[in-house]
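>
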Amino acid sequence: MDALELLYQGKAKSAYITEDPELLILKFRDDTSAFDGEIIEQLSEKGAINNQFNAFIMQKLADAGIPTHF
3 MDALELLYQG KAKSAYITED PELLILKFRD DTSAFDGEII EQLSEKGAIN NQFNAFIMQK
63 LADAGIPTHF
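For the sequence shown, our numbering assigns the number 3 to the initial residue and increments by one for each residue that follows.
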């Protein structure tokens with residue numbers, strides 16, 4: 003699946019439109035910020051860890067019978 007167009011870009015992640023209108027690609031970035039975004043640095047593996055945490059929470063919600071986008 004390819005990211006076709008940037009839909010949203012926040013402080014920690016970007017969302018991309020795909021060829022499937024029901025699916026998005028989320029890219030969790032390694033960016034960190036402080037002081038209302040005045041200082042922005044890269045923290046190695048932060049994006050990957052945030053992605054894994056998101057998957058963990060979505061699975062816990064699904065296991066509890068709570069529907070999500072996951």
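Cβ atoms here follow ideal geometry from the backbone N, Cα and C, with glycine treated the same way. Keep in mind that this is a model prediction, so the values were computed, not measured.
1) DSSP state of D65, grouped into three classes?
2) For a test of the three-state rule: what should DSSP assign to F37, helix, strand or coil?
3) Spell out a yes or no on whether the segment 61 to 72 and the segment 36 to 44 are touching, meaning 3 or more CB-CB pairs, one atom from each, closer than 8 Å.
4) CB-CB under 8 Å to N52, same chain, minus the five flanking residues each way: which ones, in chain order?
5) Looking at the strands, I want to know which residues DSSP matches up with Q54.
With the structure as the only source:
1) helix
2) coil
3) no
4) A14, K15 and F30
5) Note: Q54 sits in no beta bridge, so no partner.
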